[in-house]
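S.K.:
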Ligand code: ADP
């Protein structure tokens with residue numbers, strides 16, 4: 192079974208890493224796939240975001256992850272790489288509503304592709320990329336919110352914006 196974990200990952204947080212690690216235990220291989228043309232405006236480049244995922248997974252010793260990015264529709268990308276499942280994380284009720292909409296559309300576009308959801312660990316339940324960007328931009332500590340391997344690079348980049 193092949194999973195695809197899509198996201199903006201702007202930047203990749205400890206919450207994202209937790210979901211990816213758990214998915215890597217379920218699937219033979221998981222593609223961590225950065226969205227290239229997102230409706231959201233992003234801070235970090237696609238290359239930077241991919242590098243954060245590579246470093247975080249290397250540090251965590253997760254082997255069966257492929258780091259990639261894709262333009263266009265997730266279902267097209269998922270079919271191209273032969274994914275059997277989409278992987279998503281759920282934090283709160285607000286995530287649930289959004290995920291429900293995405294799932295309805297994805298199953299319409301690709302009925303053969305199921306989505307599996309992992310519940311956020313309580314310690315990550317209120318962690319988001321946008322919180323990391325906001326705190327970091329004002330020089331607050333983001334230690335523990337992102338992988339140790341990326342902590343310094345992300346903190347410095349956010350301060351220099
Ligand atoms: P998107 O722009 O697709 O929502 P994100 O990078 O914000 O991308 O999130 C990717 C996925 O990771 C989503 O399923 C989101 O719910 C999940 N996620 C984000 N933050 C956390 C967290 N702290 N704990 C668990 N899952 C999370």
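In my numbering, the protein residues as written are 192 to 352.
Positions of the beta carbon are idealized from the N, C-alpha and C atoms, including for glycine.
Please read these numbers as outputs of a predicted model, since none were measured by experiment.
1) Going by the C-beta, is residue 279 closer than 7 Å to any heavy atom of the ligand ADP?
2) Within a Cβ cutoff of 6 Å, which residues of the same chain sit near residue 283, ignoring the five residues on either side of it in sequence?
3) Note down, in chain order, each residue of its chain lying with its Cβ closer than 6 Å to the Cβ of residue 259, except the 5 sequence neighbours on either side.
4) Under 8 Å, do residue 198 and residue 315 count as touching if we go by C-beta distance?
5) Name the two residues that bound the continuous beta strand (DSSP E) containing residue 260.
6) How close, in whole Å, do the beta carbons of residue 193 and residue 275 come, if the pair is a contact with beta carbons under 8 Å?
7) Along the chain, where does the beta strand (DSSP E) containing residue 194 start, and where does it finish?
8) Assuming residue 333 is part of the alpha helix (DSSP H), what are its boundary residues?
9) What are the start and end residues of each continuous alpha helix (DSSP H) run of 4 or more residues lying completely inside the stretch 224-252, in chain order?
10) In chain order, what residues of the same chain have a beta carbon less than 7 Å from the beta carbon of residue 311, not counting five sequence neighbours either side?
11) Consider the C-beta atom of residue 206 and the heavy atoms of the ligand ADP; say whether any pair is separated by less than 7 Å.
12) Helix, strand or coil for residue 306 per DSSP?
13) Under 8 Å, with one C-beta from each stretch per pair, do the stretch 213-220 and the stretch 321-341 reach the 3-pair mark?
M.R.: Working from what's here:
1) yes
2) Taking residue 283 as the centre and dropping the five residues before and after it, the same chain places no C-beta closer than 6 Å to its C-beta.
3) 222 and 224
4) no
5) 256-261
6) About 5 Å separates the CB atoms of residue 193 and residue 275; that is less than 8 Å, so the two are in contact.
7) 193-198
8) Run containing residue 333: none; DSSP gives neither H nor E here.
9) Within the stretch 224-252, the complete alpha helix (DSSP H) runs of at least 4 residues are 237-251.
10) 206, 280, 281 and 282
11) yes
12) strand
13) no
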